[in-house]
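Numbering (the numbering used here), first residue to last: 360 to 479.
Every residue gets a Cβ at the ideal spot worked out from N, C-alpha and C, and that includes glycine.
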């Protein structure tokens, strides 16, 4: 019968076993570090979800407080004084119309007069 005493060289001292143990240790350490990083990343991701970014179109009703209406009217006459009198009379009629509707007098701002000479 052969001698069944354990050899003087234990299993962990074998060079092949040492390589496998070193590789297993590196893989185990990598798994531990990777698990920590993954957990830390998930924690930071959940903390980042507390902020909301919204992009789009917002609509709301706004009451207008300014309007610009351009009105034009004309008058014809044989002479400039007669045409000016008609324009003045029409301007006064328009002013009284808007004043009756509740517009303040200083909100109505007439602009210049345009004169064209017509010949036969």
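Terminal residues of the alpha helix (DSSP H) in which residue i lies
i: residue 459; result: 439–459
Other residues of its chain near residue i: CB distance less than 7 Å, five sequence neighbours each side excluded
i: residue 472; result: 446
i: residue 457; result: 467
Whether residue i touches residue j by CB criterion (8 Å)
i: residue 469; j: residue 450; result: yes
i: residue 452; j: residue 442; result: no
i: residue 439; j: residue 474; result: yes
Spatial neighbours of residue i in its chain, beta-carbon cut-off 8 Å, leaving aside the 5 residues before and after
i: residue 430; result: 453
i: residue 424; result: none
i: residue 402; result: none
Nonlocal neighbours in the same chain, by C-beta distance under 6 Å from residue i, ignoring five residues either side
i: residue 390; result: none
Check your understanding: Can you list the alpha helix (DSSP H) stretches of 4 or more residues lying completely in the segment 373–415, in chain order?
Key -> 374–407
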